[in-house]
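Position one of the sequence shown corresponds to residue 13 (this note's numbering), numbered consecutively onward. Every residue gets a Cβ at the ideal spot worked out from N, C-alpha and C, and that includes glycine. Predicted model only: the values in this text are computed from it and were never measured. Below is one structure; the comments refer to it alone.
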Amino acid sequence: VQLQASGGGLVQAGGSLRLSCTASGRFVSVGVMKWYRGSPGKERELVATAHKGSPPSVTGRFTISRDNAKNMIFLQMNDLKPEDTGVYYCNAEIRRHWGRDTDNYWGQGTQVTVSS
13 VQLQASGGGL
23 VQAGGSLRLS
33 CTASGRFVSV
43 GVMKWYRGSP
53 GKERELVATA
63 HKGSPPSVTG
73 RFTISRDNAK
83 NMIFLQMNDL
93 KPEDTGVYYC
103 NAEIRRHWGR
113 DTDNYWGQGT
123 QVTVSS
């Protein structure tokens, strides 16, 4: 099972990016999927989940969406700020076999850099 994140890049402040994350491999279901952000000197923080909203720092600017048929989630990021710079990771609870608990998986991360 793998999570593959993509869509990062360099953007000017005020710009937009759309991140994608795809779950692939052998599994029976994908549960909660989330986006986290990591940056030097800071703990990895949750920035988006479909179930519990988002932190104030990104509310109104970041929107998470999901394509269940393709086992994908997306993060639309608008009005980006330099403080949004970091490595963005997708995270998912994935059930590999019916009747078993889910396992937690992380994608490899995609770099987002916002210039001022």
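Residue state for Lys54 is assigned as coil, using DSSP reduced to three classes.
Using a Cβ-Cβ distance cut-off of 8 Å, the stretch 15–29 and the stretch 91–106 are in contact, since at least three pairs of beta carbons, one from each stretch, lie closer than that value. Under the DSSP assignment, Leu92 falls outside any beta strand (DSSP E); it carries neither an H nor an E label. According to the DSSP assignment, Asp113 belongs to no beta strand (DSSP E), since it is labelled neither H nor E. Secondary structure of Asn103 (DSSP, three-state): strand.
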